[in-house]
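Colleague: Chains X and E supply the protein sequences, listed in that same order. All residue numbers for the first sequence refer to the UniProt record's numbering, where the first residue is 1 and numbers rise by one. All residue numbers for the second sequence refer to the UniProt record's numbering, where the first residue is 1 and numbers rise by one. Would you mind keeping the following structure in view while I ask a few things?
There are 2 protein chains.
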Amino acid sequence: MTTARSDTIAAQISRTLANRIIAGEIEAGAKLRQDHIAEEFGASHVPVREAFRRLESQGLVVSEPRRGVRVAGFSLDEVREVAEMRAALEALALRHAAPHLTRAILDQAEEANRTGDRAGDVQAWEEANRTFHRIILTPCGMPRLLKAIDDLHTASARFLFSGWRTEWETPTDRDHRAILDALRAGQAETAASVLARHVQTIGQKSPQ
Amino acid sequence: MTTARSDTIAAQISRTLANRIIAGEIEAGAKLRQDHIAEEFGASHVPVREAFRRLESQGLVVSEPRRGVRVAGFSLDEVREVAEMRAALEALALRHAAPHLTRAILDQAEEANRTGDRAGDVQAWEEANRTFHRIILTPCGMPRLLKAIDDLHTASARFLFSGWRTEWETPTDRDHRAILDALRAGQAETAASVLARHVQTIGQKSPQ
DNA sequence: TAGCGCAGAATTATAGATAATTTCGTTATT
DNA sequence: AATAACGAAATTATCTATAATTCTGCGCTA
Numbered sequence: 001m002t003t004a005r006s007d008t009i010a011a012q013i014s015r016t017l018a019n020r021i022i023a024g025e026i027e028a029g030a031k032l033r034q035d036h037i038a039e040e041f042g043a044s045h046v047p048v049r050e051a052f053r054r055l056e057s058q059g060l061v062v063s064e065p066r067r068g069v070r071v072a073g074f075s076l077d078e079v080r081e082v083a084e085m086r087a088a089l090e091a092l093a094l095r096h097a098a099p100h101l102t103r104a105i106l107d108q109a110e111e112a113n114r115t116g117d118r119a120g121d122v123q124a125w126e127e128a129n130r131t132f133h134r135i136i137l138t139p140c141g142m143p144r145l146l147k148a149i150d151d152l153h154t155a156s157a158r159f160l161f162s163g164w165r166t167e168w169e170t171p172t173d174r175d176h177r178a179i180l181d182a183l184r185a186g187q188a189e190t191a192a193s194v195l196a197r198h199v200q201t202i203g204q205k206s207p208q
Numbered sequence: 001m002t003t004a005r006s007d008t009i010a011a012q013i014s015r016t017l018a019n020r021i022i023a024g025e026i027e028a029g030a031k032l033r034q035d036h037i038a039e040e041f042g043a044s045h046v047p048v049r050e051a052f053r054r055l056e057s058q059g060l061v062v063s064e065p066r067r068g069v070r071v072a073g074f075s076l077d078e079v080r081e082v083a084e085m086r087a088a089l090e091a092l093a094l095r096h097a098a099p100h101l102t103r104a105i106l107d108q109a110e111e112a113n114r115t116g117d118r119a120g121d122v123q124a125w126e127e128a129n130r131t132f133h134r135i136i137l138t139p140c141g142m143p144r145l146l147k148a149i150d151d152l153h154t155a156s157a158r159f160l161f162s163g164w165r166t167e168w169e170t171p172t173d174r175d176h177r178a179i180l181d182a183l184r185a186g187q188a189e190t191a192a193s194v195l196a197r198h199v200q201t202i203g204q205k206s207p208q
């Protein structure tokens, strides 16, 4: 949403396209033509190509040399894969973050959780959910890990917005509270396994 | 090594630079100037910029808007981070690969292990080691996970070639055999935890 | 002497033009 | 009627040129 105007054009295009793909405005498998996109953004195709590379590294598009890029598909298998990766990596991050979590941070997380619970639409809920996870994981101080988790989150969001999953609020809220309780009690290992199980539930609902 | 001539120039440049960074020919923190590199490769700077993006997604360089790219540093912390991520993700991959592992695949892996044991230099050893891991993990059939592991492997190789670690063969060989034994016995969970521990040892030796 | 600011140089980012490759529709052949 | 081959149109990849930004060294001031 907040497309910082100071960034490079390539970064702006990348963000805009990412949002569209996540929101489902561009369907999976659709070809992205650099000239058309360049024209739409009033830019040349060079920054568009750079934007494509960024999207590729996030796993939102796939690129074949000389044959263009297309929006990455997401079968149920791929959704499960992302969920499993998230579970493994977020658990790892939480184990390392736990020693650095202060009372204030946990309160922040609880606030984010409440915000999510009050959210009216999926976008707002997803925003709050991501904030919650970020707050409790960032203190691990492992930038590469956090970047990887963030990209996986994005992929998950795509799945969420696709409407495959309608009932999200309740179990999430309960899991989040359980995680916070365990962390407050100093039981990092418990918190990590609840988190892992929690994340995996995303991949367990089939499209209906 | 095998720079396929049919690929795009950007891909070739990316591969060559990646090899140099891994081999330590370009030191951490060094600035990469697009014009200079373009001149060296007899190309314009456009494909060079694309190559930079690929390297960035592999974590080999870091890029700041309008300030160029520089070779990613690797402190001991970063090495540990990569090792922990590898441990988590390779264990996950192995759990999913285990049901699909055949006798033939395990024999292949054992052969790769023997090759590594006979290797004279670090490059050959690393090559065999990567092959071993790839053979037992690929059957998991999770492309995104495998790509992530591969990039982490590359980062590890960089550490290895930097000479921080001189004594690598013996414990690796033993661990690899233990993993194969567990897999042959159908004990996937045991194999996964040995693998996780094995990978983490990479980050445990300090620079001397 | 230390710090500030201002050219000039170097470098990154984008635009516009060109070459190379793929895609797709049409025609010819069996 | 189905298929193979050809050619035009579309598209990707690259090059050259230009604009915008950052870096650097030097002189000036306090």
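By construction, the Cβ of each residue, glycine as well, lies at the ideal position given by its N, Cα and C atoms. The structure presented is a predicted model; accordingly, all values stated were derived computationally and were not measured.
Report yes if the C-beta distance between E/L145 and X/M85 is below 7 Å; otherwise report no.
Modeller: Yes. Within cutoff.
Colleague: Rounded to whole angstroms, what is the Cα-Cα separation between residue 212 of chain X and E/H45?
Modeller: Absent from the model: residue 212 of chain X. The displayed extent of chain X is 1 to 208, so no value can be given.
Colleague: Starting from E/E50, find everything on chain X with Cβ-Cβ shorter than 8 Å and list it in chain order.
Modeller: By Cβ distance, chain X contributes R49, E50 and R53.
Colleague: Given a threshold of 16 other Cβ atoms within 10 Å of its Cβ, counted over all protein chains shown, does X/E81 qualify as buried or as exposed?
Modeller: When all chains shown are included, X/E81 counts as buried.
Colleague: The UniProt domain "HTH gntR-type" (7 to 74) of chain X: which residues have C-beta closer than 8 Å to a C-beta of chain E, in chain order?
Modeller: From the UniProt domain "HTH gntR-type" (7 to 74) of chain X, only D7, T8, A11, V46, R49, E50, R53, R54, E56, S57, G59, P65 and R66 have a Cβ closer than 8 Å to chain E.
Colleague: Would you tell me roughly how many angstroms separate the C-alpha atoms of E/S14 and E/I37, rounded to the nearest one?
Modeller: Using only the alpha carbons, I get a separation of about 11 Å.
Colleague: Report buried or exposed for X/R66, applying the criterion of at least 16 other Cβ atoms within 10 angstroms of its Cβ.
Modeller: Result: exposed.
Colleague: Taking its Cβ as the centre, do 16 or more other Cβ atoms sit within 10 Å of X/L76, making it buried, or is it exposed?
Modeller: Looking at its Cβ environment, which holds fewer than 16 other Cβ atoms inside 10 Å, X/L76 is exposed.
Colleague: Which partner residues does X/L32 have in the DSSP bridge list?
Modeller: Per DSSP, X/V69.
Colleague: Going by the beta-carbon positions, is the gap between E/S101 and E/L195 smaller than 7 Å?
Modeller: The identity of residue 101 of chain E in the sequence shown is Leu, whereas the question assumes Ser. No, they are not a contact pair.
Colleague: With distances taken Cα to Cα, identify the nearest neighbour of X/D174 among X/E110, X/H96 and X/A87.
Modeller: Per the sequence shown, residue 174 of chain X should be read as Arg rather than Asp. Nearest option by C-alpha distance: X/E110.
Colleague: Where do the ends of the alpha helix (DSSP H) carrying X/E50 lie?
Modeller: From DSSP, the alpha helix (DSSP H) with X/E50 extends over H45 to Q58.
Colleague: Use the C-beta contact count for E/N129: other C-beta atoms within 10 angstroms, 16 or more gives buried, fewer gives exposed.
Modeller: When all chains shown are included, E/N129 counts as buried.
Colleague: Pull up the distance between the alpha-carbon of X/R177 and that of X/A192, whole angstroms please.
Modeller: Approximately 13 Å, taken between the alpha carbons.
Colleague: Between E/H153, E/G116, E/M142 and E/P99, which lies nearest to E/Q187 when the distance is taken from Cα to Cα?
Modeller: Cα-wise, what sits closest to E/Q187 is E/P99.
Colleague: May I have the straight-line CA-CA distance separating E/Q200 from X/C140, to the nearest angstrom?
Modeller: Each residue's Cα considered, the two are about 17 Å apart.
Colleague: In its own chain, which residues sit with a C-beta less than 7 Å from the C-beta of X/D35, not counting the 5 before and 5 after it?
Modeller: The answer, listed in chain order, is H45.
Colleague: Could you check which residue in E/E90, E/A23 and E/A10 has the C-alpha nearest to that of residue 248 of chain E?
Modeller: Nothing in the structure corresponds to residue 248 of chain E, since chain E is present only between 1 and 208.
Colleague: Excluding sequence positions up to five away, which residues of its chain have a Cβ less than 7 Å from the Cβ of X/I21?
Modeller: For X/I21, where only same-chain residues beyond five positions count, the Cβ hits under 7 Å are L60, V71 and R158.
Colleague: Give the DSSP bridge partners of E/S63, in chain order.
Modeller: E/V69, per the DSSP bridge assignment.
Colleague: Return the residue from the list X/I26, X/Q12, X/Q58 and X/A51 that minimises the CA-CA distance to X/H153.
Modeller: Closest option to X/H153, Cα to Cα, is X/Q58.
Colleague: Compute the Euclidean distance between the alpha carbons of X/D107 and X/V69, then round it to the nearest angstrom.
Modeller: The straight-line gap from Cα to Cα measures roughly 43 Å.
Colleague: For X/H198, which residues in the same chain have their Cβ closer than 6 Å to its Cβ, ignoring the five residues on either side in sequence?
Modeller: Excluding positions up to five away in sequence, the list reads D175.
Colleague: Under DSSP, the alpha helix (DSSP H) around E/G159 begins and ends at which residues?
Modeller: What sits at residue 159 of chain E in the sequence shown is Phe, not Gly. Its alpha helix (DSSP H) spans residues P143 to F161.
Colleague: Could you give the distance in angstroms between the alpha-carbon of X/T3 and the alpha-carbon of X/V48?
Modeller: Reliability fails at X/T3, whose pLDDT of 44 lies under 50, so the model's placement of it is uncertain and the value that follows must be treated cautiously. Going by the C-alpha atoms only, they are around 16 Å apart.
Colleague: Would you mind telling me which residues of chain E sit closer than 8 Å to X/L89, beta carbon to beta carbon, in chain order?
Modeller: Chain E residues near X/L89: M85, A88 and L89.
Colleague: Helix, strand or coil, according to DSSP, for E/S75 in the structure here?
Modeller: In this structure, E/S75 counts as coil in the three-state DSSP scheme.
Colleague: Taking 7 Å as the cut-off, decide whether the C-beta atoms of X/A23 and X/L89 are in contact.
Modeller: Cβ distance not < 7 Å, so X/A23 and X/L89 don't count as in contact.
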